[in-house]
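Each residue of the sequence shown is one higher than the one before, starting from 13 at the first, in the numbering used here.
Before any comments, here is the structure.
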Amino acid sequence: MRHTLHVINGSHPCTAVLRGFELKGIDVRLVEYMPPTHPLILKARFGVSRVPLLVLEGGEVVPGSRRIMQRLDALQPEPPLYPRERIAAVEEADRWGDEVLQGVSRRLLWWAVKHTPRALASFQAGSRLPTLPAPIVRLAAPLVVAGEGRLNGITAEIVRDDAATLPALLAKLDEFSADGAFGTATPTAADLQIGASLQLLRAIEDLRPIVDANPLAREIARWLPPSPGSVPKGSLPADLVELASAAAPAPAT
């Protein structure tokens, strides 16, 4: 019996964890769900409603990208995702990527898809599930977007705040880098956690130039594959793009 990882295709925390398995050379069986069907199924089976969710071959359930990557280091120490000499810095950046950047990128992505429903079909690329015809996906998109909006608390006001904070979030990467959170020869858990969210932001073509204008963001994102789909330019309202493009505030002295 192998370890089993429950995922959604293109989910950024799932992508981060899958990259961790690849780096460790650990075999894993994948069970894929179509959003937003997963919360009820997972809750009924495991008492947890989000992916990624790992079930070890002995039956232990490990939920969430941070806990899974920590467990990967226990299963296979090399290469380390949490290098001992920098573990505090890596753990802090990993936590921030999970608790802050992950949600911002997810909400902005779904807000962009809300304005361009046809883009949802592109995110089927690489899925193990049967590919649905684009017209059917386009018809179902409003229901999917509404479900994800409820699940993730997405509102116009919150998304506006997300766009306004994006410059400061990208600037925060320099602080983590100075603390030693990121890898060079191999990625750390912070690279994977943050890089996956950066790749999701890059999938929003309105935001890709903003992310790519940050050299460190480009460097971190390279550890992860690009998102399987994309949302075309012009999907986000112009005022949100303007907010996201603003210069980050200077740090307090």
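Just so it is clear, CB atoms sit at the ideal spot from N, CA and C, and this is done for glycine as well.
Just so we're clear, the structure is a prediction, and the values are computed from it rather than from any experiment.
Cut-off 6 Å between Cβ atoms - residues of its own chain near residue i, not counting five sequence neighbours on either side
i: proline 227; result: none
i: tryptophan 123; result: Val171
i: leucine 248; result: Ala124, Asp218
i: alanine 168; result: none
i: arginine 150; result: Pro129, Arg130
i: arginine 230; result: Asp224
i: alanine 258; result: Pro179
Opposing strand residues paired with residue i [DSSP bridges]
i: arginine 41; result: Thr16
i: leucine 66; result: Leu17, Val74
i: valine 102; result: DSSP output for valine 102 lists no bridge partner at all.
i: valine 243; result: Ile216
Reference residue i; option with closest CA among the options
i: isoleucine 206; options: His18, His15, Val29, Leu17; result: Val29
i: methionine 81; options: Ile20, Thr49, Glu104, Arg31; result: Arg31
i: isoleucine 222; options: Glu34, Ala176, Gly195, His18; result: Ala176
i: threonine 128; options: Arg79, Pro154, Leu182, Ala137; result: Pro154
i: aspartate 203; options: Pro47, Pro25, Ala258; result: Pro25
i: leucine 182; options: Val112, Arg140, Ala197, Ala133; result: Val112
i: valine 157; options: Met46, Lys36, Val19; result: Met46
i: isoleucine 20; options: Gly59, Glu97, Glu34, Ser77; result: Ser77
i: leucine 255; options: Ala208, Ala225, Asp174, Glu231; result: Asp174
i: threonine 198; options: Arg57, Val63, Pro48, Glu90; result: Glu90
i: leucine 163; options: Leu252, Arg140, Pro51; result: Pro51
Coil, strand or helix - residue i by DSSP
i: proline 89; result: coil
i: valine 60; result: coil
i: isoleucine 341; result: Here the chain has residues from 13 to 265 only, and residue 341 is not among them.
i: threonine 265; result: A caution first: threonine 265 carries a pLDDT of 47, below 50, which makes its placement in the model too unreliable to give a value.
i: valine 223; result: helix
i: phenylalanine 135; result: helix
i: tryptophan 235; result: coil
i: leucine 181; result: helix
i: methionine 46; result: coil
i: glycine 22; result: coil
i: alanine 258; result: coil
i: leucine 144; result: coil
i: phenylalanine 194; result: coil
i: leucine 248; result: coil
i: proline 95; result: coil
i: threonine 128; result: coil
i: threonine 200; result: coil
With 16 other Cβ atoms within 10 Å as the buried cut-off, status of residue i
i: lysine 55; result: exposed
i: isoleucine 246; result: The sequence as given places glycine at residue 246; isoleucine does not occur at that position. Classification of glycine 246: exposed, given that the 10 Å Cβ count is below 16.
i: phenylalanine 135; result: buried
i: arginine 118; result: buried
i: isoleucine 166; result: buried
i: glycine 138; result: exposed
i: glycine 195; result: buried
Proximal residues to residue i (C-beta, below 8 Å), its chain only, five neighbours per side dropped
i: histidine 15; result: Ile38, Asp39, Val40, Arg41, Leu66, Val67, Leu68, Glu69
i: lysine 184; result: Trp108
i: proline 238; result: Gln211, Arg214, Ala215
i: aspartate 110; result: Pro25, Gly76, Ser77, Arg78, Gln205
i: leucine 35; result: Pro91, Leu93, Thr198, Pro199
Contacting residues, own chain, Cβ-Cβ under 7 Å from residue i (five flanking each side not counted)
i: proline 95; result: Val102, Thr200
i: valine 74; result: Leu66, Leu68, Ile80, Arg83
i: alanine 22; result: Note that residue 22 corresponds to glycine in the displayed sequence, not to alanine. The answer, listed in chain order, is Phe135, Ser239, Pro240, Gly241.
i: proline 145; result: none
Interface flag, residue i vs chain D, CB-CB below 9 Å
i: glycine 246; result: No chain D appears in the structure shown, which is made up of a single protein chain.
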